[in-house]
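To keep things clear, I will list the structure first and then write my remarks on it.
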Amino acid sequence: MPDIFDVLAERRSVRSYTGEEVSEEHLNMILEAACCAPSAGNLQAYEIVVVRDLERRKLLAKASYNQDFMVEASVHLVFLAVPSRSAVRYGKRGEELYSLQDATIAATFAMLAAHALGYGTCWVGAFDDFRVMRVIEAPDDRRPVAIIVIGRGRKEEGITRRRKMSSFVFAERHGAPFEHKPTMAKLVRPGC
Ligand SMILES: Cc1cc2nc3c(=O)[nH]c(=O)nc-3n(C[C@H](O)[C@H](O)[C@H](O)COP(=O)(O)O)c2cc1C
Numbered sequence: 162m163p164d165i166f167d168v169l170a171e172r173r174s175v176r177s178y179t180g181e182e183v184s185e186e187h188l189n190m191i192l193e194a195a196c197c198a199p200s201a202g203n204l205q206a207y208e209i210v211v212v213r214d215l216e217r218r219k220l221l222a223k224a225s226y227n228q229d230f231m232v233e234a235s236v237h238l239v240f241l242a243v244p245s246r247s248a249v250r251y252g253k254r255g256e257e258l259y260s261l262q263d264a265t266i267a268a269t270f271a272m273l274a275a276h277a278l279g280y281g282t283c284w285v286g287a288f289d290d291f292r293v294m295r296v297i298e299a300p301d302d303r304r305p306v307a308i309i310v311i312g313r314g315r316k317e318e319g320i321t322r323r324r325k326m327s328s329f330v331f332a333e334r335h336g337a338p339f340e341h342k343p344t345m346a347k348l349v350r351p352g353c
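Under my numbering, the letters of the sequence shown match residues 162 to 353, in that order.
Okay, here's the thing in structure tokens:
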């Protein structure tokens with residue numbers, strides 16, 4: 162199993178898949194990893210809909226403005242925020258912020274776990290909320306946050322660049338330069 166820094170460094174968005182299944186055991190590991198994520202007040206104000214059915218995956222790809230590559234990925238995990246769950250304790254902040262953050266972090270954990278298991282993944286955020294909700298038959302008060310698609314990558318993906326760190330990491334106060342001293346070469350993306 163790769164270490165956490167290998168996972169962070171080597172993960173890429175994958176948009177071409179072989180269609181090979183994600184094993185039952187691996188799918189369960191990925192979901193367990195999602196459940197390890199922190200959440201506000203430990204409320205876990207999110208839900209995950211596991212979609213393996215081909216017809217439903219096609220509909221999710223359509224609902225995602227025809228991102229056809231999604232269909233080749235054998236599992237789609239739809240992460241939903243449950244604003245009402247967070248609102249009970251945290252009011253408006255829970256409703257508008259924490260529940261979305263809970264879902265986002267859980268999706269991130271799932272994505273990284275899938276990568277660690279050797280799968281390709283892509284975070285899909287461009288979709289029509291209403292259509293996604295209809296495809297997975299979710300109650301109206303949920304909010305879809307991300308679809309993580311998972312499958313066997315068809316090819317090696319290129320590395321993407323990053324903004325220069327000095328343009329968005331500051332020391333002590335906004336705008337003051339932070340002196341970045343690179344450590345592990347593998348963690349430093351081009352442009353960084
Ligand atoms: C909030 C969010 C929404 C995204 N939506 C999409 C999407 O709808 N389709 C897609 O192909 N990639 C999507 N991505 C993936 C990004 O394009 C990708 O992470 C970025 O280009 C950096 O490339 P990398 O993931 O290979 O490092 C999204 C990523 C995030 C975090």
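Each residue gets a CB set at the ideal place from its N, CA and C atoms; glycine is no exception.
Compute the minimum distance between the beta carbon of residue i and the heavy atoms of ligand 1, and state whether it is under 6 Å.
{"i": "A287", "result": "yes"}
{"i": "R303", "result": "no"}
{"i": "C196", "result": "no"}
{"i": "R173", "result": "yes"}
{"i": "T265", "result": "no"}
{"i": "C283", "result": "yes"}
{"i": "T321", "result": "yes"}
Can you list, in chain order, the residues of its chain with a C-beta nearer than 6 Å to that of residue i? Leave out the 5 residues immediately preceding and following it.
{"i": "L192", "result": "none"}
{"i": "R172", "result": "H276"}
{"i": "H372", "result": "Residue 372 lies beyond the stretch modelled for the chain, which goes from 162 to 353, so this question has no answer here."}
{"i": "P121", "result": "Only positions 162 to 353 of the chain appear in the structure, and residue 121 is not among them; the question remains open."}
Name the DSSP bridge partner or partners of residue i?
{"i": "F270", "result": "BP columns for F270 are empty, so no partner."}
{"i": "I309", "result": "L238 and W284"}
{"i": "P338", "result": "F331"}
{"i": "R246", "result": "In DSSP, R246 forms no bridge with anything."}
{"i": "G356", "result": "Given a span of 162 to 353 for the chain in the structure shown, any question on residue 356 remains unanswerable."}
{"i": "R323", "result": "Partner(s): none; R323 has no beta bridge."}
For residue i, which residues from the same chain have a beta carbon less than 8 Å from its beta carbon, with the 5 sequence-adjacent residues on both sides left out?
{"i": "C283", "result": "S174, V175, R176, F230, M231, A234, I309 and V310"}
{"i": "P338", "result": "S327, F331 and A332"}
{"i": "D301", "result": "M294"}
{"i": "G314", "result": "V175, S177, Y178, T179, Y280 and G281"}
Within the same chain, show all residues whose beta-carbon is closer than 7 Å to that of residue i, passing over the 5 residues directly before and after it, in chain order.
{"i": "P199", "result": "I266"}
{"i": "E208", "result": "L241, V243 and R303"}
{"i": "A224", "result": "F288, D289, R292, V293 and V296"}
Self-check item: Segments assigned beta strand (DSSP E), at least 3 residues, entirely inside the stretch 163 to 219
Solution: For the stretch 163 to 219, whole beta strand (DSSP E) runs of length 3 or above, ordered along the chain, are 207 to 212.
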